[in-house]
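Right, one structure below, let's go through it.
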Amino acid sequence: MFPRSGVWYTCIRYKGRKVQRSLGVKVGKKADEMLALNIESKIRTEIVEGSYFEKLVGDDKTFSQLLDRFMREYAPKKSVNMQKSYTASSKHLIPFFGKESLASITSKKISKYKVVRYEEG
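At position 29 of the sequence shown the residue is numbered 29 (the numbering used here), and the sequence of numbers has no breaks.
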């Protein structure tokens, strides 16, 4: 727990996930600090119990679904050359990320994709 701009904040890491947020309590009185500690404790309990994190946006969507929507809604507004570029890129991306949920695509997986593409030439 730490003060920032006159308000108590918390930063909690649990199983690779990070929660950093304001506790909504002003810095100053000892009673306010105790309230902030109680709020932080409640957040920690909810995190451990699994009730804090809501379902991640993108848990129910795959990369292929997003790419299809992109090609349908966004690509047609671009030049023909850009549309061709998007189509060419998608031919490499779909085999690697196609069935992945959006929430599961991490920077580590993107780095792995780059290595694979580099090795392919």
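Where is the CB? At the ideal position from N, CA and C, for every residue including glycine.
Does the segment 59-78 come close enough to the segment 32-51 to have 3 or more Cβ pairs within less than 8 Å?
-> The way I'd put it, the segment 59-78 doesn't touch the segment 32-51; fewer than three beta-carbon pairs between them come closer than 8 Å.
Tell me whether Ser90 is buried or exposed, calling it buried when 16 or more other Cβ atoms sit within 10 Å of its Cβ.
-> Here residue 90 corresponds to residue number 90 of the sequence shown, with the count starting at 1. When all chains shown are included, Ser90 counts as buried.
Please work out which residues of its chain come closer than 6 Å, Cβ to Cβ, to Gly24, disregarding the five sequence neighbours upstream and downstream, and give them in chain order.
-> Here residue 24 refers to the residue found at position 24 of the sequence shown. The answer is none, since no qualifying residue turns up.
Could you say which of Tyr118, Tyr86, Glu100, Ser85 lies nearest to Ser64 if we only look at CA atoms?
-> Taking the sequence shown and counting its residues from 1, one reaches residue 64 at position 64. The shortest C-alpha separation from Ser64 is found at Glu100.
Residues in its own chain within less than 6 Å of Ser22 by CB, not counting five upstream and five downstream?
-> As a working mapping, residue 22 is identified with position 22 in the sequence shown. Same-chain partners within the cutoff: Val7, Tyr9.
Classify Thr45 as helix, strand or coil using the three-state DSSP reduction.
-> As a first step, residue 45 is located in the sequence shown; it is residue number 45 there, counting from the start. Looking at Thr45 - three-state DSSP - the assignment turns out to be helix.
List the endpoints of the continuous beta strand (DSSP E) containing Phe12.
-> On the sequence shown, position 12 is the one that residue 12 refers to. Sequence check: residue 12 is Ile here, not Phe. Element bounds for Ile12: 7-14.
Beta carbon proximity, Ile12 to chain B, threshold 9 Å = Absent from the structure is chain B; it holds one protein chain and no more.
Three-state class that DSSP yields for Thr106 in the structure shown = Along the sequence shown, one-based indexing puts residue 106 at 106. In the displayed model, Thr106 falls within coil according to three-state DSSP, outside both helix and strand.
Residues near Arg44 by beta carbon distance below 7 Å, same chain, minus five either side | Taking the first residue of the sequence shown as position 1, residue 44 is located at position 44. If we look at Arg44 and ignore the five residues flanking it on each side, its Cβ neighbours are Ile12.
So Phe97 is in the alpha helix (DSSP H); what residue range does that whole segment cover?
-> The count along the sequence shown starts at 1 and reaches residue 97 at position 97. Its alpha helix (DSSP H) spans residues 80-97.
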